[in-house]
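Asks: The following block contains the structure, expressed as C-alpha cells.
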Amino acid sequence: MWGNLPFDVLAKIFSFLSPDSLARARSGCRHWHVCVETYPMTNSFTALPHHHQAWFLGFPARNRGQHGYVHNPVNDNRHMLSFDFLPDPVRPIASMGSLILVRPTNCTVLRLALCNPFTRQFTYLPMLNTTRSNPAVGVITLDSGQDRPNPHFRVYVAGGMSKVPHGGAT
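Count along the sequence shown from 1, then add 9; that gives the number in the numbering used here.
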C-alpha cells in the first residue's frame, strides 16, 4: 500500500519526519528513494520547523576527514554524518534547517554551496558578481510561513580581496 502512494502524498508524509527518520525511509524501497530525490526540499524537516526541536551540528576543529556529528534532542542520540558525497572538502558556514551552507576549502575564491547531509544532496549557488577571497559571509533566515515549503534565506558577502580596482562593492 505505502509503495503505491503518489509522490506528492509521500512527500507530504515525509515532511513530518525528522532527518534521521527521513534517511531511514529513503532506504526503505526504490519508490521512496525516488520520492526523496524528486521532492528534495518539500520533504525536508525544514518545511515544518514547529514539529521538531533544533538539532546540534558539530564538525571536528581540525579538518580530519569528511564527517560531522549531529545531536537529536528528541531522542537524545547522536549520529555521525559522512560528507563523502561532496565533490570537494568543505568548511561549514551556516545552517538553515536541514541545509548547510558550505564553502570548498581547496579554492581561494569564494564559491558557496548548499548541502543536505541527510538526503546527500549538494548544489553550488550562483557565482558572485565580483570574485572575492576570504570575505565575511552571513545568512539571514527569512520568515518561512507555513504556505511556503522551502526555507527562505539571504546570503550576504562583504569584504575580502577582490579583483575590482576601486572598492569592489557590488
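Note that beta-carbon positions come from the ideal geometry of N, C-alpha and C, so glycine has one too.
For clarity, every value in this text was computed on a predicted model and none was experimentally measured.
#1: When the Cα of Leu19 is compared with those of Pro98, Ser27, Thr114 and His40, which residue comes out closest?
#2: Could you please give the first and the last residue of the uninterrupted alpha helix (DSSP H) stretch that includes Val43?
#3: Going by DSSP in three states, Arg33 sits in which element: helix, strand or coil?
#4: In or out: Ser142 buried (at least 16 other Cβ within 10 Å) or exposed?
#5: Is the distance from the Cβ of Thr114 to the Cβ of Arg100 below 8 Å?
#6: Would Pro28 be called buried (16 or more neighbouring beta carbons within 10 Å of its own) or exposed?
#7: What three-state label does DSSP hand Asn86 in the structure shown?
#8: Could you have a look at Asn138 and say whether DSSP puts it in helix, strand or coil?
#9: Can you tell me where the beta strand (DSSP E) holding Leu108 begins and where it ends?
#10: State the DSSP-derived secondary structure class of Thr23, mapped to helix, strand or coil.
#11: Hey, would you say Ala122 sits closer than 8 Å to Leu134, going by beta carbons?
#12: Going along the chain, which residues of its own chain have a beta-carbon closer than 7 Å to the beta-carbon of Leu95, five neighbours each way excluded?
#13: Compute the Euclidean distance between the alpha carbons of Ala70 and Ala34, then round it to the nearest angstrom.
#14: Less than 8 Å between C-beta atoms, sequence neighbours within five positions excluded: which residues of the same chain meet that for Arg112?
Replies: The short version:
#1: His40
#2: Arg39 to Thr47
#3: helix
#4: exposed
#5: yes
#6: buried
#7: strand
#8: coil
#9: Leu108 to Pro113
#10: At residue 23 the sequence reads Phe, which differs from the Thr that was named. DSSP places Phe23 in helix when its eight states are reduced to three.
#11: yes
#12: Gln75, Cys124 and Phe131
#13: 31 Å
#14: Val99, Arg100, Ile102, Leu119, Arg120, Leu121, Ala122 and Val146
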